[in-house]
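Those letters in the sequence shown? Residues 20 to 227, per the working numbering, in order.
I have placed the structure first, in the form of structure tokens, so that the comments after it can refer back to it.
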Amino acid sequence: MTTHFDFLRAVAVPIAIDNVDTDQIFPSRFSSKDRADGRYGDYFLHDRRFNEFDQENKDFILNNPKYNGAKILVASKNYACGSARPGAIYSHLDYGVSVIIAESFGSVFPTVAYKSGLLTIQVEAGTAREIREALLADPGSEIQVDLKNQRITLADDRNFSFEIDHFIKKIFIEGISEISLTLKYRSKIEQFESTLPDSFPWLYGDKG
Numbered sequence: 020m021t022t023h024f025d026f027l028r029a030v031a032v033p034i035a036i037d038n039v040d041t042d043q044i045f046p047s048r049f050s051s052k053d054r055a056d057g058r059y060g061d062y063f064l065h066d067r068r069f070n071e072f073d074q075e076n077k078d079f080i081l082n083n084p085k086y087n088g089a090k091i092l093v094a095s096k097n098y099a100c101g102s103a104r105p106g107a108i109y110s111h112l113d114y115g116v117s118v119i120i121a122e123s124f125g126s127v128f129p130t131v132a133y134k135s136g137l138l139t140i141q142v143e144a145g146t147a148r149e150i151r152e153a154l155l156a157d158p159g160s161e162i163q164v165d166l167k168n169q170r171i172t173l174a175d176d177r178n179f180s181f182e183i184d185h186f187i188k189k190i191f192i193e194g195i196s197e198i199s200l201t202l203k204y205r206s207k208i209e210q211f212e213s214t215l216p217d218s219f220p221w222l223y224g225d226k227g
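Shown next as structure tokens:
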């Protein structure tokens, strides 16, 4: 999936819970459900949003109406750890979340999330904490994510820089797939490949 993204200003919701794994994000019992019409958003963090009787958990932050429509999620440490089930990615997107900012992620999640158009941004623990505290103090406030300049700006103009893989950044900003990006460098790849027989003749049957 290709998603063009370079700047987003939107409501952000803080989730200050460590080790939120992919089974919490998208409980495995919903894996057989049809994703048609964006239904996976119904199951996003389901067992934190609802009790065993499917009644809303009023104390959970996503059920605070001030955060309705949040497109940015600001998490804690080791977010989305565990298996890289597709539902954990799709449920974010179907719920409306397109950017996740966190202190750290599970090792697999960021490597697959971007392929479906879900941007993950890792920041220092102090930065993530400061952003979450600002959002808790002003529920429903918007923040800005400037991917091109790699900056996050709060409603009070405090801003923070972040690092991101150049390859992933390029895919989002240009709105192209990995294959399309690779093909842009086709001539350089072919030029490099043409030098291989001379550089590594033993790989091509030339014993010298």
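The C-beta atom is built at its ideal place from N, Cα and C for all residues, glycine as well.
Might you give, ordered along the chain, the residues of its own chain that have their beta carbon closer than 6 Å to the beta carbon of residue i, omitting 5 neighbours on each side?
i                 : result
phenylalanine 179 : Thr146 and Ile171
lysine 96         : Asp37, Glu122 and Ser123
histidine 111     : Leu137
lysine 49         : One point to set straight first is that residue 49 is phenylalanine, not lysine, in the sequence displayed. Cβ within range, chain order: Tyr62.
valine 164        : Leu27, Val118 and Ile171
alanine 144       : Glu122
proline 129       : Thr139
asparagine 87     : none
phenylalanine 181 : Ile140, Val142 and Gln169
Straight-line CA distance for residue i to residue j?
i                 : j             : result
serine 102        : aspartate 176 : 37 Å
isoleucine 183    : asparagine 76 : 35 Å
phenylalanine 69  : leucine 222   : 60 Å
arginine 104      : glycine 115   : 18 Å
phenylalanine 186 : glutamine 141 : 15 Å
glycine 106       : valine 131    : 12 Å
aspartate 53      : serine 218    : 52 Å
arginine 148      : valine 39     : 16 Å
phenylalanine 72  : leucine 64    : 15 Å
isoleucine 150    : serine 51     : 36 Å
alanine 55        : glycine 125   : 27 Å
glutamine 210     : proline 216   : 12 Å
glycine 60        : threonine 214 : 50 Å
glutamine 74      : leucine 166   : 38 Å
Near residue i, which residues of its chain fall below 8 Å by C-beta distance, leaving aside the five closest residues on each side in sequence?
i            : result
serine 160   : Val30, Ala31, Ala153, Leu154, Leu173 and Ala174
tyrosine 212 : With the sequence shown as reference, residue 212 is identified as glutamate, and tyrosine is not the correct amino acid for it. Counting only Cβ-Cβ distances below 8 Å, and skipping sequence neighbours, we find nothing.
lysine 85    : Pro158 and Gly159
Go to residue i, then tell me how far its alpha helix (DSSP H) extends in each direction, as first and last residue.
i              : result
isoleucine 171 : Note, isoleucine 171: premise wrong, no alpha helix (DSSP H); beta strand (DSSP E) at 170-172.
leucine 215    : 215-218
isoleucine 195 : Segment: none, isoleucine 195 is in no alpha helix (DSSP H) and carries neither H nor E.
valine 131     : 128-132
In its own chain, which residues sit with a C-beta less than 7 Å from the C-beta of residue i, not counting the 5 before and 5 after it?
i             : result
aspartate 42  : Gly101
aspartate 66  : Gln43 and Pro46
asparagine 83 : Pro158
glycine 57    : Asp113
With distances taken from CA atoms, which of the options is nearest residue i?
i              : options                          : result
serine 117     : Val93, Phe72 and Glu75           : Val93
isoleucine 119 : Arg104, Ser126, Thr139 and Pro46 : Thr139
alanine 156    : Gly60, Asp40 and Ile80           : Ile80
isoleucine 91  : Thr214, Phe26 and Asp184         : Phe26
alanine 99     : Val127, Ala144, Gly115 and Gly88 : Val127
aspartate 78   : Gly60, Ile34, Asp40 and Arg54    : Ile34
asparagine 168 : Arg54, Lys188, Tyr59 and Gln210  : Lys188
isoleucine 162 : Val39, Phe219, Ala89 and Thr130  : Ala89
Hey, quick one: how far does the beta strand (DSSP E) through residue i stretch, first residue to last?
i                : result
isoleucine 140   : 138-141
proline 158      : Run containing proline 158: none; DSSP gives neither H nor E here.
isoleucine 120   : 118-121
proline 46       : That residue, proline 46, is in no beta strand (DSSP E); it is neither H nor E in DSSP.
alanine 55       : That residue, alanine 55, is in no beta strand (DSSP E); it is neither H nor E in DSSP.
serine 180       : 178-180
phenylalanine 24 : First-last for phenylalanine 24: undefined, no H or E at that position.
Checklist line | Entirely enclosed beta strand (DSSP E) segments - the segment 64-113, minimum 3 residues | finding: 91-93
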